[in-house]
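These notes are about the structure you will find just below.
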Amino acid sequence: MNPMTKIGIAVAIIAAVITASFIATPQTNHVATNSSSDVLRIGYFPNISHAQAVIGLGTGDYQKELAGVKVETQVFNAGPSAIEALFANRIDVAYVGSNPAINGYIKSDSQGLRVIAGAASGGAVFVVRNDSGINSAADLAGKKFASPQAGNTQDVALRSFLNKNGYKISDSGGNVQVINAANTDIFTMMLKKDIDGAWVPEPWGTKLEKEADGKILVDERDLWTGGKFTTALIVVRTDYLQNHPDTIKRLLEAHVNETLWINNNKDKAIAIFNEQMGTLTGKTLPENELTEAFSRMDVTYDPIQSSLLKSADAAYELGFLGNTKPDLGRIFDLSILNQVLEEKNLPTISQISVP
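Going by our numbering, the first residue of the sequence shown is number 632, and it counts up by one from there.
Here's what the structure looks like:
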């Protein structure tokens, strides 16, 4: 593994919140207090990386597949809060990024959750202003950049990229400044030329490119071998998985169906996604921007296990996961997903052995 790839791998795990988001005020629907055999409580984000849930739950596709089970939903803004709700028994299943999944697994002593499917790969970019004088990594000295949150995926990606290219951050005596701001504020700062660029999730990267005179300097996929890395997963509380495997199977049937439909009907899926975003957040994006943002992300049910494990290894080596290397040997349970895939005559996903 070359150094750039290793940095890219480390980036995906270190953050508090992944990924690719267009988020406003969270919305909660029918949040129950107890799990039961005829109720499934699902948490997800209004993100493009959670497209299956946004579309499938919004249009009723999931509810149809789960007929007879009361589907209740809660929309979150961040992975840690979703994991907290999972462990507090307020939800049973969550769409989350890789770092919240791994942290939840580790903090629960390997007992609290299992990854049962993937949802998305890719979806983050380093955008710079066209008039910033930046044309390559050699032009970053003396510049000011932004990321959404200190220590989040994009923040670490930016800092790692700068470090790899020989730069130091100003707070460490260097000549490159990194500030943190909400994506909406980053957009305003780019318009006002208060920053030279930003490392952001989609669709904000496309929005900066199209509406704030930006250009993409780095597509984060280029930092990963093959350009594939998990950015959204489905996790389930372990006790719910053990007690209600039939309900989880029907959920995964809905998830796989929605994934296939989205990939076979991209234009229609993007339009419906935008409609659901309007319902969830009160905001939509120009469809050409949303189309481009989706082009930098793969909608999938494959959890891309190797990328999650390599992320964890690299993060541990960099000192972000404590002094003891985490044992992720039981984080995946793809048995039900593979049942669904086999019944649909789709290739199954071999669950890799974790040393």
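Cβ atoms here follow ideal geometry from the backbone N, Cα and C, with glycine treated the same way.
In terms of CA proximity to Ala682, Asp929 leads the group Lys975, Asp929, Ile817. Under a 10 Å Cβ-count criterion, Asn734 is classified as buried, with 16 or more other Cβ atoms of the shown protein chains found around its own Cβ. Around the C-beta of Val985, fewer than 16 other C-beta atoms lie within 10 Å, and the residue is accordingly described as exposed. Here the stretch 841-850 makes no contact with the stretch 795-812; the two share fewer than three CB pairs at distances below 8 Å.
Membership of Gln683 in the alpha helix (DSSP H) is indicated by the continuous run 682-690.
Bridge pairing for Tyr726: Ile865 [DSSP]. Assignment of Ile879 by DSSP, reduced to helix, strand and coil, places it in the helix class. Rounded to the nearest whole angstrom, the C-alpha separation of Gln970 and Gln785 is 35 Å.
Linking Pro711 to Val867 through their CA atoms gives a straight-line distance of about 14 Å.
Considering only Glu842, Asp944, Gly909, Ser767, the residue with the shortest C-alpha distance to Lys956 is Asp944. In the three-state scheme derived from DSSP, where H, G and I count as helix and E and B as strand, Asp929 is classed as strand. Under the 10 Å beta carbon count, Gly728 is surrounded by 16 or more other beta carbons and is classified as buried. Here Thr922 is not near Ile903, since their CB atoms are 8 Å or more apart. The C-beta separation of Gln742 from Thr869 comes to about 6 Å, placing the pair in contact by the 8 Å criterion. For Ala725 against Pro934, the beta-carbon gap comes to about 14 Å, at or over 8 Å, which does not count as contact.
When beta bridges are read from the DSSP output, Asn811 appears opposite Ser778.
For Trp835, there is no enclosing beta strand (DSSP E); the residue is found in the alpha helix (DSSP H) stretching over 835-842. Here the alpha carbons of Leu822 and Lys838 stand approximately 11 Å from one another.
Rounded to whole angstroms, the gap between the alpha carbons of Ala863 and Ala732 is 9 Å. Apart from the 5 residues on each side of it in sequence, Gly836 sits with its Cβ closer than 6 Å to the Cβ of Val756, Val758 in its chain, given in chain order. Sequence-distant Cβ neighbours of Thr890 in its own chain, meaning closer than 7 Å and more than five residues away, are Gln683, Val930, Thr931, Tyr932. Note that the C-beta distance between Asn888 and Glu715 is not below 8 Å. Using a Cβ distance threshold of 8 Å, Val807 and Lys846 do not count as a contacting pair.
A distance below 7 Å between beta-carbons, with the five flanking residues on each side excluded, links Glu840 to the following residues of its chain, in chain order: Val758, Lys846, Ile847.
Closest by C-alpha distance to Phe718, out of Ile737, Pro978, Ile765, Gly691, is Ile737.
In this model, Asn796 and Ala769 are separated by some 8 Å (Cα to Cα). Comparing alpha-carbon positions, the option among Val670, Leu671, Ser680, Ile686 lying closest to Thr910 turns out to be Ile686. Out of Gly754, Tyr675, Gly699, Ser938, the CA that lies nearest to the CA of Ile722 is found in Tyr675. The C-beta of Ser926 has fewer than 16 other C-beta atoms within 10 Å across all chains shown, which makes the residue exposed. Listed as beta-bridge partners of Phe757 by DSSP are Trp830, Val849.
Boundaries of the alpha helix (DSSP H) around Gly710: 710-718. Within the same chain, and ignoring the five residues on either side of Leu793 in sequence, the residues whose Cβ sits closer than 6 Å to its Cβ are Val807. Taking the Cα positions, Gly805 is about 51 Å away from Ile879.
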